[in-house]
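Q: Residue numbers (my numbering): 58 to 152. We put the CB at the ideal spot given by N, CA and C, even for glycine. First the structure, which I've put down as structure tokens, then a few questions once you've had a look.
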Amino acid sequence: MVVQVRKRRPGEAGADLVRVGFTTSRKVGNAVVRNRARRRLRACIDEIVPSFAKPGLDIVVIGRAQTTARPFEALKNDFLKCLRKLDACRSADHD
């Protein structure tokens, strides 16, 4: 997975919310495989974002071919690692 983060400027709509978008290209597979990848990513993000992500962010998650085969716990750990690397976690005490 690839994760991109953008911090919204003060005064922009939803300054206290975290907005998340998902995308998968045709390279991932047919529509069934792409939808499965997006569902898995959405479930992962639903568990991680409310507790860990800083408010006021726009996050784009790009699914890759390995997304459907990766164990779910590993997927969650990968996403959390991305948030930390992009300085998008609320605080350092969430380890």
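#1: Excluding five sequence neighbours on each side, which residues of the same chain lie with their C-beta closer than 6 Å to the C-beta of Asn92?
#2: Excluding the five sequence neighbours on either side, which residues of its own chain have a C-beta within less than 7 Å of the C-beta of Val90, listed in chain order?
#3: Within 10 angstroms of its Cβ, does Gly78 collect 16 or more other Cβ (buried), or is it exposed?
#4: Where do the N-terminal and C-terminal ends of the beta strand (DSSP E) with Val118 fall, by residue?
#5: Pairing CB atoms from the region 113-123 with CB atoms from the region 80-88, are three or more of them under 8 Å?
#6: What does the Cβ neighbour count give for Val75, buried or exposed, with the cut at 16 atoms within 10 Å?
#7: Do Gly71 and Arg63 have their C-beta atoms closer together than 8 Å?
#8: I'd like the list of long-range same chain contacts for Lys138, defined as Cβ closer than 6 Å, with 5 residues on each side in sequence excluded.
#9: Drop a sphere of 10 angstroms on the beta-carbon of Ala145, count the other beta-carbons inside from all chains shown, and report buried for 16 or more, exposed for fewer.
A: Answer, in terms of the structure:
#1: If you number the sequence shown from 1, residue 92 lands on position 35. Counting only Cβ-Cβ distances below 6 Å, and skipping sequence neighbours, we find nothing.
#2: Indexing the sequence shown from 1 puts residue 90 at position 33. Excluding sequence neighbours, Val90 sits near Thr125.
#3: In the sequence shown, counting from the first residue as 1, residue 78 sits at position 21. Gly78 is exposed by the Cβ-count criterion.
#4: Along the sequence shown, one-based indexing puts residue 118 at 61. Counting along the chain, the beta strand (DSSP E) containing Val118 begins and ends at Leu114 to Gly120.
#5: yes
#6: Taking the first residue of the sequence shown as 1, we reach residue 75 at position 18. Taking every protein chain shown into account, the CB of Val75 has 16 or more other CB atoms within 10 angstroms, so this residue is buried.
#7: Locating residue 71 in the sequence shown gives position 14, where the first residue counts as 1. Locating residue 63 in the sequence shown gives position 6, where the first residue counts as 1. Contact: no.
#8: Here residue 138 is taken as the residue at index 81 of the sequence shown, counted from 1. Cβ within range, chain order: n/a, list empty.
#9: Counted from its first residue, the sequence shown places residue 145 at position 88. Flag for Ala145 reads buried.
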